[in-house]
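**Student:**
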Amino acid sequence: MHNTHAAIVVGGGHAGCEAALALAGLGHKVLLLTGNLDRLGYLSCNPAVGGVGKGHLVREIDALGGRMALWADAAGIQFRTLNTGKGPAVRATRAQMDREAYARAVKRDIFGQKGLSIQQDTVEEILGDKRANGVRTASGLEFYARHVILTTGTFLSGLMHIGLTSMPGGRLGDAPALKLSDSLRRHGLKLGRLKTGTPPRLLASSINTDQLEEQRGDIPLPSFSFYGPPPGLEQVSCRIAWTNERTHEVVRSALDRSPLFSGIIKGRGPRYCPSIEDKVVRFRKRDRHHIFLEPEGLGSPECYPNGLATSMPLDVQIAALRTIPGLEEVRVLRPGYAVEYDCLDPRELHPTLESRILPGLWAAGQINGTSGYEEAAAQGLWAGINIARSLAGEDPWLPGRDEAYMAVMIDDLITSGVDEPYRMFTSRAEYRLLLREANADMRLTPQGWRLGLVGGRQWAAFTRKQEITAGLEVLLDKLRLRAGPRTDELLAGMGETPLHSPMTLKDLLRRPGMTLDKALVLLDPADDAGGPHAELWALLDTDEKANGSRLVGDACLEVETRIKYAGYLERQVEDARRAAGVEKLTLPEQIQYAEVAGLTTEAVERLEKSRPRTLGQAGRVPGITPAALECLRIHLRRLERRA
Ligand SMILES: Cc1cc2nc3c(=O)[nH]c(=O)nc-3n(C[C@H](O)[C@H](O)[C@H](O)COP(=O)(O)OP(=O)(O)OC[C@H]3O[C@@H](n4cnc5c(N)ncnc54)[C@H](O)[C@@H]3O)c2cc1C
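Numbered per the numbering used here, the sequence shown spans residues 722 to 1364.
(1) If you scan the segment 933-990 from start to end, which runs of the beta strand (DSSP E) of 3 or more residues do you find wholly inside it?
(2) For PRO1223 and GLY1252, what's the separation of their Cα atoms in angstroms?
(3) Could you tell me the alpha carbon to alpha carbon distance between LYS1266 and ARG1178, rounded to whole angstroms?
(4) Grab the span of the alpha helix (DSSP H) containing TYR1094 for me, first residue to last.
(5) Use the C-beta contact count for LYS1000: other C-beta atoms within 10 angstroms, 16 or more gives buried, fewer gives exposed.
(6) May I ask you to report which of helix, strand or coil DSSP gives MET1215?
(7) Which residue wins for smallest C-alpha separation from THR1136, given the options CYS1277, PRO1072, THR875?
(8) Do you know offhand how far LEU1357's Cα is from PRO897's?
(9) Quick check on ILE819: does DSSP put it in helix, strand or coil?
(10) Between the alpha carbons of VAL1002 and THR930, how many angstroms are there, rounded?
(11) What distance in whole Å lies between the Cβ atoms of GLY1093 and CYS1064, which are believed to be in contact at a cut-off of 8 Å?
(12) Can you tell which of LEU871, GLY774, THR802 has its C-alpha closest to the C-alpha of HIS735?
(13) With distances taken from CA atoms, which of LEU1241, ASP1198, GLY1216, ARG1203 is nearest ASP1228?
(14) Taking just the CA atoms, how far does GLU1015 sit from LYS900?
(15) In the DSSP output, what is GLY861 paired with across the bridge?
(16) If we count the other Cβ atoms within 10 Å of its Cβ and call it buried at 16 or more, is TYR763 buried or exposed?
(17) I'd like to confirm something about GLY732: is its beta-carbon nearer than 7 Å to some heavy atom of ligand 1, or not?
(18) Would you decide whether VAL856 is buried or exposed? Buried here means 16 or more other CB atoms lie within 10 Å of its CB.
(19) For PRO943 and PHE1146, which I take to be in contact (beta-carbon distance under 8 Å), what is that distance rounded to the nearest angstrom?
(20) Please list the terminal residues of the continuous alpha helix (DSSP H) segment that includes MET1163.
(21) How many whole angstroms separate the CB atoms of ARG1055 and LEU893, which I take to be in contact at a CB cut-off of 8 Å?
(22) Contact between the segment 917-935 and the segment 797-814: three or more CB pairs below 8 Å?
(23) Quick one: what's got a C-beta closer than 6 Å to MET888's C-beta in the same chain, skipping five residues either side?
(24) If you draw a straight line from the C-alpha of VAL751 to the C-alpha of LEU761, how long is it?
(25) Sort ALA1240, LEU1226, GLY1057 by Cα distance to GLY1216 and report the nearest one.
(26) Are there three or more Cβ pairs, one per stretch, closer than 8 Å when the segment 977-991 is compared with the segment 908-916?
(27) Does the segment 1188-1198 come into contact with the segment 1314-1332, if we say contact requires no fewer than three beta-carbon pairs (one atom in each stretch) closer than 8 Å?
(28) Cα-Cα, which of ALA1084, VAL971, GLY1018, ARG922 is closest to LEU910?
(29) Could you give the residue range of the alpha helix (DSSP H) that holds CYS1352?
(30) How many Å lie between LEU1079 and ILE847 at the Cα?
(31) To the nearest angstrom, report how far apart GLU1295 and TYR1286 are at their CA atoms.
(32) Would you kindly check if the distance between the Cβ of LEU742 and the Cβ of ASP819 is under 8 Å?
(33) Run the CB neighbour count on LEU1260, radius 10 Å, all protein chains shown included, and call it buried at 16 or more, exposed below.
(34) Among ARG788, MET1127, ARG1341, THR1208, which one has its Cα closest to the Cα of GLY949?
(35) Which residues in the same chain have their Cβ closer than 7 Å to the Cβ of ARG1231, if we skip the five residues on either side of it in sequence?
(36) Can you give me the Cβ contacts of THR1282 inside the same chain, cut-off strictly under 6 Å, excluding the 5 residues immediately before and after it?
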């Protein structure tokens, strides 16, 4: 019996690395087994982190003391804030990564982590009868642990397709995990089949960028982490190219050689991230589709054409690429391909991500039906925290849908299951104004501190930001602007209407076009003799060394949002408070839905599949109507009376 660990993490991808570091960081002895040590935290698809919904997850991971934001800031070569013209709920950070620098940052933390041992091997069998207690590997070794977490990504019975050629693989250059699926089935777990795809990789020097629109990053650089070192790598641009009718014709004329359209691929792919052949067929009327040419890294010869995922035969890929202006001479270094893989039915998981079928077995990442580094990393951290709670005999950590995007994601997965890869969008969160990227730390860092994941430096930065935020709120309510020619002239210069009576800065900030930066300009230096003015400038002049500028910037944004959206925020808080009432109504674990009067057969089937924990969750099971929910509520009352 190989020495016993607290937990074994199977898979060194985004989910596996966050889970392993969280568990070892909380003092547990962890073994990380992965199929290829050279590809720890490997970005299998686009060299980018973040985006709408995904950036929100990355900042929540950071707020809780996870690592992805720090790795992304260390390896970022172009940063942008998306949706700056829209409300704060949908503003999101996205950054291009230097793929190698990202992997280096991950490896540094993984190999530097006390209590974490790492080994290259492929897990083929989950050991244990009524409870998982270990694994057997391809090299015939057995390892034992109190908990086993699977984070196997696209590798379970992975099958790759390029045209009508199929080959086993979890991704290009990596062997699949062929035996583990059968072991899971033998333990009674249900498996599904999904698919995802990636574009070819191009030789950057063979692209004529002169004709292509340049897309620069934002200055000043946004970043993901609330407290880590600001991004330091050289920043580069992306280029924008467009397909055209000739491109579409090349693809259309070869659809008989597409594994997707010839029915070879069985797994369901992501509708929101379609391959080029999918786009050409589904959006026939569109005469062009845009492509973002993303550099793979500083000094990397490769370029990633985002928007050209494909599994067409290589000759068709090349022919289609060469119809695109700027790519007439392009050289393909790696083909685009699709990969099909087995995944679990996440409805068979507890909200902690432990299996309901085989206790002691946990799962996180793509194996649960999601797609994306960020979704995977968030699940890895969540499962790592809850395994640690279980090891310590403590209650699970289960924040609500009004507290975190990761809670929205996990609740969606275990309640509704997946019929295509699940990607996070802000539209999935009913309380998205409460779940802004910018306040992830306000929502989660105190919890990360209580969980023991947030370290002293992060906590110090957070409490300092809280002080600045609280101080600003008080001062903006105290500082008054006098109406008069000076103020009106400045307001006119900002395209704002004059003041008719003295007004606090807080009230002024309620004006749609007003920002805190503008409002500060209106403050009259003549009134600067000590008191709230001096206090304000002192607050805004927080020490540079202590990350001052970002803390102040974040605090100002937070205060501005709270003032401008006060009404909406109150309403969402009220909605969440009301929903919490229903969330509290727990459904007995042994409830027999067939016995609930008034439920349709379909409703019984759906509820039996999902086995929701609360009435609130039952209400989110797809196909469960308000009428069905009322039947359940009446049944619950009857059970209570009987009890
Ligand atoms: C071809 C392709 C296209 C993609 N396209 C997109 C996309 O368009 N959009 C998007 O958001 N995401 C896309 N992704 C997905 C993205 O890469 C994943 O969502 C993300 O990597 C999932 O992280 P993970 O940690 O769950 O798994 P992965 O990053 O896949 O890591 C899994 C790890 O587990 C290891 N492993 C697997 N099985 C075993 C075993 N039995 N024993 C030991 N180790 C094992 C592997 O070696 C690997 O290190 C794509 C991925 C691929 C491969």
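Just so it is clear, CB atoms sit at the ideal spot from N, CA and C, and this is done for glycine as well.
**Tutor:** By the coordinates alone:
(1) When DSSP assignments are scanned along the segment 933-990, the uninterrupted stretches of beta strand (DSSP E) that are 3 or more residues long and fall wholly within it turn out to be 934-936, 959-963.
(2) The alpha-carbon atoms of PRO1223 and GLY1252 are separated by roughly 18 Å.
(3) With a pLDDT of only 49 at LYS1266, under 50, the local geometry of the prediction cannot be trusted, and the value read off the model is given with reservation. Going by the C-alpha atoms only, they are around 13 Å apart.
(4) TYR1094 -> alpha helix (DSSP H) spans 1094-1112.
(5) Burial check for LYS1000: the Cβ neighbour count within 10 Å reaches 16 or more, so the residue is buried.
(6) Here MET1215 sits in coil by DSSP.
(7) The shortest C-alpha to C-alpha distance from THR1136 to any of CYS1277, PRO1072, THR875 is the one to PRO1072.
(8) Their backbone Cα atoms lie some 47 Å apart in a straight line.
(9) One detail in the question is off: residue 819 reads as Asp in this sequence, not Ile. In the three-state scheme derived from DSSP, where H, G and I count as helix and E and B as strand, ASP819 is classed as coil.
(10) Taking the straight line from one Cα to the other gives about 28 Å.
(11) At roughly 14 Å, the Cβ-Cβ gap does not stay under 8 Å, so CYS1064 and GLY1093 are not in contact.
(12) Shortest Cα-Cα distance from HIS735 to any of LEU871, GLY774, THR802 involves LEU871.
(13) Residue nearest to ASP1228 within the set LEU1241, ASP1198, GLY1216, ARG1203 is ASP1198 (criterion: CA-CA distance).
(14) For LYS900 and GLU1015, the distance between alpha carbons rounds to 36 Å.
(15) Paired residues: none, contrary to the question.
(16) Of the residues assessed, TYR763 falls on the buried side of the cut-off, its CB having 16 or more other CB atoms within 10 angstroms.
(17) Yes, the beta carbon of GLY732 sits closer than 7 Å to at least one heavy atom of ligand 1.
(18) Around the beta carbon of VAL856, 16 or more other beta carbons lie within 10 angstroms, which makes this residue buried.
(19) With 8 Å as the limit, PRO943 and PHE1146 do not qualify as a contact, their Cβ atoms being about 20 Å apart.
(20) It spans 1161-1172 - the alpha helix (DSSP H) in which MET1163 sits, taken as one unbroken run.
(21) Yes, they are in contact, since the Cβ atoms of ARG1055 and LEU893 sit about 6 Å apart, within 8 Å.
(22) Result no; under three Cβ-Cβ pairs closer than 8 Å.
(23) MET881, listed in sequence order.
(24) Each residue's Cα considered, the two are about 16 Å apart.
(25) Closest option to GLY1216, Cα to Cα, is ALA1240.
(26) Touching, per the Cβ criterion.
(27) Output reads no: the segment 1314-1332 does not touch the segment 1188-1198.
(28) Answer by Cα proximity: ALA1084.
(29) Run containing CYS1352: 1347-1363, per the alpha helix (DSSP H) assignment.
(30) One C-alpha to the other measures close to 10 Å.
(31) Their Cα atoms are separated by approximately 14 Å.
(32) Their beta carbons are not under 8 Å apart, which means ASP819 does not touch LEU742 by this criterion.
(33) LEU1260 is buried by the Cβ-count criterion.
(34) The alpha carbon of GLY949 has as its nearest neighbour, out of ARG788, MET1127, ARG1341, THR1208, the alpha carbon of ARG788.
(35) Within the same chain, ARG1231 has close Cβ partners ILE1284, LYS1285.
(36) Closer than 6 Å at the Cβ level, and outside the excluded window around THR1282, lie PRO809.
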